[in-house]
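The C-terminal residue of the sequence shown carries number 665 in our numbering, and the numbering is unbroken.
Every residue gets a Cβ at the ideal spot worked out from N, C-alpha and C, and that includes glycine.
Here's the structure we're looking at; comments come further down.
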Amino acid sequence: MWGPEGLDEVEAELLGPPEELTGRDVLELGAGAAQCSRWLAAQGARPVALDISHRQLQHALRIGGPFPLVCADAGALPFADGSFDLACSAYGALPFVADPRLVLREVRRVLRPGGRLVFSVTHPIRWAFPDEPGPEGLSVSASYFDRTPYVEQDDEGRAVYVEHHRTLGDRVRDVVASGFRLVDLVEPEWPAWNTSEWGGWSPLRGNLIPGTAVFVCVRD
Ligand SMILES: C[S@@+](CC[C@H](N)C(=O)[O-])C[C@H]1O[C@@H](n2cnc3c(N)ncnc32)[C@H](O)[C@@H]1O
């Protein structure tokens, strides 16, 4: 699943035709509980689920799956050059790092020539709107161009959640400057069947503004 709209890989085929996933080495970045790796393994691929959070990987381990879990920073991948055919990420790692080019260059390094990276992030336009599912989430309240990170702190003032905003143009330049060719930028539309409301996500907002941006990149 690429995002809260509900676009799934069976429908989108952004990693290529499902029958061609068999035997492919796939790196999942910011895997969380490794839902994508579990699906990829079921298609016959050979995923590796990577996340910086040990706690998230404990959930992945509890749910289980026939693939390795790796606890590491996406900006310092513990793999040899050219280890993977594909890399993917559903809202993992990239929105949370100050230097996304570091991550993208690392992914390029571990991909084989012709390899593909597909990653989804919150659509940058959402940065300008309050994260509310109702009408209050439809009025611009902040500058789209303000790259100051969103930070939540604990009682001691330590950052416990950080999100880094990049404009759509920033993301395109990050991809290209890191040595990828951008072959598609998918903005999933909110489907009629999806009636769920979750956090700032809702049919009301989903029908009016995009919520997810999915970048399809090739390492030539
Ligand atoms: C919003 S969750 C998405 C999880 C999963 N892909 C999903 O679809 O449910 C973001 C994940 O990225 C991970 N993450 C954040 N920064 C990271 C980094 N620098 N390297 C690797 N993983 C990171 C977080 O620990 C978290 O599990």
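Nearest-angstrom Cα distance between Asp-518 and Leu-502? The residue you call residue 518 lines up with position 73 of the sequence shown. The residue you call residue 502 lines up with position 57 of the sequence shown. Taking the straight line joining both Cα atoms gives about 13 Å.
Beta strand (DSSP E) segments (min. 3 residues) lying fully within the segment 490 to 540: 491 to 496, 514 to 516 and 529 to 535
Rounded to the nearest angstrom, what separates Asp-530 and Gln-480 at their Cα positions? Counting from one through the sequence shown, the residue named residue 530 turns up at place 85. Counting from one through the sequence shown, the residue named residue 480 turns up at place 35. Looking at the backbone, the Cα of Asp-530 and that of Gln-480 are separated by about 19 Å.
Out of Trp-572, Leu-627 and Trp-643, state which residue places its alpha-carbon closest to the alpha-carbon of Phe-590. Position 145 of the sequence shown, counting from 1, holds the residue named residue 590. Ranking Trp-572, Leu-627 and Trp-643 by CA distance to the CA of Phe-590 puts Trp-572 first.
Does the Cβ of Asp-544 have 16 or more other Cβ atoms within 10 Å, making it buried, or fewer, making it exposed? Numbered from its first residue, the sequence shown carries residue 544 at position 99. Answer is exposed; the Cβ neighbour count stays below 16.
Flag Tyr-589 as yes when its Cβ comes closer than 6 Å to any non-hydrogen atom of ligand 1, and as no otherwise. For this step, residue 589 is matched to residue 144 along the sequence shown. The answer is no for Tyr-589.
Express the C-alpha separation of Gly-451 and Arg-554 in angstroms, rounding to a whole number. As a first step, residue 554 must be located in the sequence shown, where it is residue number 109. As a first step, residue 451 must be located in the sequence shown, where it is residue number 6. Distance between the alpha carbons of Arg-554 and Gly-451: 30 Å.
Using three-state DSSP, classify Asp-682 as helix, strand or coil. Residue numbering for the chain in the displayed model covers 446 to 665; residue 682 lies beyond these limits and cannot be assessed.
Considering only heavy atoms of ligand 1, does any lie closer than 6 Å to the CB of Ala-457? By 1-based counting over the sequence shown, the position of residue 457 is 12. Not so, every heavy atom of ligand 1 lies at least 6 Å from the Cβ.
Starting from Arg-592, trace the alpha helix (DSSP H) in both directions and tell me its first and last residue. Taking the sequence shown and counting its residues from 1, the one referred to as residue 592 is at position 147. Where Arg-592 is concerned, there is no enclosing alpha helix (DSSP H), given that its DSSP letter is neither H nor E.
On the DSSP bridge list, what partners appear for Leu-627? One-based indexing of the sequence shown puts residue 627 at position 182. Beta-bridge pairing links Leu-627 to Cys-662.
Where do the ends of the beta strand (DSSP E) carrying Ala-479 lie? For the purposes of this step, residue 479 is taken as residue 34 along the sequence shown, with counting starting at 1. No beta strand (DSSP E) contains Ala-479, which DSSP labels as neither H nor E.
Given a cut-off of 7 Å on the beta-carbon distance, is the pair Val-515 and Pro-492 in contact? As a position in the sequence shown, residue 515 is number 70, starting the count at 1. As a position in the sequence shown, residue 492 is number 47, starting the count at 1. Between Val-515 and Pro-492, the C-beta gap is not smaller than 7 Å, which leaves the two residues out of contact.
Can you tell which of Ala-487, Arg-616 and Cys-533 has the C-alpha that lies nearest to the C-alpha of Gly-736? Past the boundaries of the shown model lies residue 736; the chain is included only from 446 to 665, so the question cannot be answered.
By the DSSP assignment, the alpha helix (DSSP H) with Asp-615 in it spans what residues? One-based indexing of the sequence shown puts residue 615 at position 170. Asp-615 -> alpha helix (DSSP H) spans 613 to 622.
Here's the rule: buried if 16 or more other CB atoms are within 10 angstroms of the residue's CB, otherwise exposed. What is His-610? In the sequence shown, the residue the question calls residue 610 occupies position 165. That one is buried.
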